[in-house]
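For the sequence shown, the positions run 91 to 339 when my numbering is used.
Glycine is no exception: its CB is placed at the ideal position from the N, C-alpha and C atoms.
Below is one structure, written out as structure tokens; the observations come after it.
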Amino acid sequence: MSKTMRPAIAAFGEQAVIVSFGETFEPETHRQVVRLSRELETAPFPGFIEFVPAYASVCVYFDALSMIDQGFAGGKDGSTPHEAVRRWLEERIDRLQPDVAEPAGKTVRIPVCYCVRCGPDLPALASGSGLAAEAAASLHAAARHTVSMIGFLPGFPYLSGLPEALSAPRLDTPRAVVPRGSVAVAGRQTGIYPAASPGGWRLIGRTAALLFDAGRAAPSLLEIGDTVTFEPIAHEDLERGMRERGWLA
91 MSKTMRPAIA AFGEQAVIVS FGETFEPETH RQVVRLSREL ETAPFPGFIE
141 FVPAYASVCV YFDALSMIDQ GFAGGKDGST PHEAVRRWLE ERIDRLQPDV
191 AEPAGKTVRI PVCYCVRCGP DLPALASGSG LAAEAAASLH AAARHTVSMI
241 GFLPGFPYLS GLPEALSAPR LDTPRAVVPR GSVAVAGRQT GIYPAASPGG
291 WRLIGRTAAL LFDAGRAAPS LLEIGDTVTF EPIAHEDLER GMRERGWLA
């Protein structure tokens, strides 16, 4: 990456910096987010704690005392932890190659029931685009969706790749409770609720996939850069999966 394309790096509290590649979601901007995320995963700096990627930025958290103890900051040059992290990030970002594809994430197939009981907003959403509900479900399932970020709830994926015909604003009045496993759309995104929660996205289906499990080595089923495909299933198959999860009596 040329130095003229360097992102903005700013302090984010005493032990974090935020790397901003842009102000809005753009494919190339998000590719830079993914590339830097992969770099932090595979070869972090001393004192690194974690990173949180978003649409156009990455927040990097660190342990300042650990960095000083390990000589990564506060050495002969007297650099502060923020300065040391900024320098490390700038060196890594300069090495990122925008013309080389980032390492591919995994592909995850998620079974979804698109019936009206699971997706009460699907008929109206489909009608608004001149589609039958079944055609809208098929259109959604045929698309390849990319995990742009994880947030809102632990394991909640924000997926890009929603067909324009299924784009819709959030509900004017959010639901007090959205059932766990609900598949929903808002704007040009799809989301999946890993737990019951208030929510204003439009519900188009439901899955028994376990999006988040604190007992797993990798608690979140999905991570930034993954590809998601949806497989339509019957309601009885959904109920079977929910019983296996203990979600139904």
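(message) So the candidates are L328, P171, R335; which of them puts its Cα closest to the Cα of C208?
(response) Taking the sequence shown and counting its residues from 1, the one referred to as residue 208 is at position 118. For C208, the nearest C-alpha among the options comes from L328.
(request) Tell me whether S310 is buried or exposed, calling it buried when 16 or more other Cβ atoms sit within 10 Å of its Cβ. (result) As a working mapping, residue 310 is identified with position 220 in the sequence shown. S310 counts as buried, since at least 16 other C-beta atoms from the protein chains shown sit within 10 angstroms of its C-beta.
(message) With three or more C-beta pairs closer than 8 Å as the rule, is the region 250-268 touching the region 278-294?
(response) Output reads yes: the region 250-268 touches the region 278-294.
(request) Check whether the region 98-105 touches the region 115-134, counting contact only when three or more Cβ pairs, one atom from each stretch, lie closer than 8 Å. (result) In short, these stretches do not touch, since the Cβ pair count stays below three.
(request) Throw me the rounded Cβ distance for the S219 and A255 pair, which I believe falls under 8 Å. (result) As a first step, residue 219 must be located in the sequence shown, where it is residue number 129. As a first step, residue 255 must be located in the sequence shown, where it is residue number 165. Confirmed, Cβ separation roughly 4 Å.
(message) Counting C-beta neighbours from all protein chains within 10 Å, is the total for S238 16 or more, i.e. buried, or is it exposed?
(response) As a position in the sequence shown, residue 238 is number 148, starting the count at 1. So S238 counts as buried.
(message) Excluding the 5 residues flanking F302 on each side, which residues of the same chain have their C-beta closer than 6 Å to its C-beta?
(response) Sequence index remark: in the sequence shown, residue 302 carries index 212 (1-based). For F302, where only same-chain residues beyond five positions count, the Cβ hits under 6 Å are P244, G245, P284, P309, S310.
(request) Go through the region 222-297 residue by residue and report every complete run of the alpha helix (DSSP H) that reaches 4 residues or more, in order. (result) Complete alpha helix (DSSP H) runs here, min 4: 223-232.
(request) Measure the CB-CB distance between R373 and L215 and report whether it falls below 7 Å. (result) The structure shown does not extend to residue 373, since the chain spans only 91 to 339, so no value can be given for it.
(message) Distance check for G164 and A307, CA to CA, integer angstroms please.
(response) As a working note, residue 307 is residue 217 in the sequence shown. As a working note, residue 164 is residue 74 in the sequence shown. Taking the straight line joining both Cα atoms gives about 34 Å.
(message) Let's test the definition: count the other Cβ atoms within 10 Å of the Cβ of V202 and tell me whether it reaches 16, buried, or not, exposed.
(response) Along the sequence shown, read from residue 1 onward, the residue named residue 202 stands at position 112. Counting Cβ neighbours within 10 Å, V202 comes out buried, since at least 16 surround it.
(request) Taking A299 as the reference, give the member of G336, V267, A266, G315 with the closest Cα. (result) Stepping through the sequence shown from its first residue, residue 299 is reached at position 209. That would be G336, whose Cα lies nearest to the Cα of A299.
(request) Provide the residue span of the beta strand (DSSP E) that contains T319, from first to last. (result) Within the sequence shown, residue 319 is the residue found at index 229, counting from 1. Looking at the DSSP string, the run of the beta strand (DSSP E) that includes T319 is 317-322.
(message) Restricting to runs no shorter than 3 residues, where is the beta strand (DSSP E) found entirely within the region 95-142?
(response) Listed in chain order, the beta strand (DSSP E) runs fully inside the region 95-142 are 98-101, 106-110, counting runs of at least 3 residues.
(request) Following the continuous alpha helix (DSSP H) through V175, name the residue where it begins and the one where it ends. (result) Here residue 175 corresponds to residue number 85 of the sequence shown, with the count starting at 1. Judged by DSSP secondary structure, V175 falls within the alpha helix (DSSP H) whose first and last residues are 171-185.
(request) Ignore the nearest five residues each way along the sequence and tell me which others in V267's own chain have a CB closer than 8 Å to its CB. (result) Taking the first residue of the sequence shown as 1, we reach residue 267 at position 177. Once the five neighbours on either side are set aside, the close Cβ partners of V267 are A286, S287, P288.
(request) Assign G331 to buried or exposed, taking buried as 16 or more other Cβ atoms, counted over all protein chains shown, within 10 Å of its Cβ. (result) Numbered from 1 along the sequence shown, position 241 holds the residue referred to as residue 331. It is buried - the Cβ of G331 has at least 16 other Cβ atoms within 10 Å.
(request) Tell me whether R125 is buried or exposed, calling it buried when 16 or more other Cβ atoms sit within 10 Å of its Cβ. (result) Stepping through the sequence shown from its first residue, residue 125 is reached at position 35. R125 is buried by the Cβ-count criterion.
(request) Can you say whether I139 is buried or exposed, counting buried as having 16 or more other CB atoms within 10 angstroms of its CB? (result) As a working note, residue 139 is residue 49 in the sequence shown. Looking at its Cβ environment, which holds fewer than 16 other Cβ atoms inside 10 Å, I139 is exposed.
(message) For S156, report the span of its beta strand (DSSP E) as first-last.
(response) For the purposes of this step, residue 156 is identified with residue 66 of the sequence shown, where counting begins at 1. Secondary structure note for S156: it is in no beta strand (DSSP E), and the uninterrupted alpha helix (DSSP H) holding it is 154-159.
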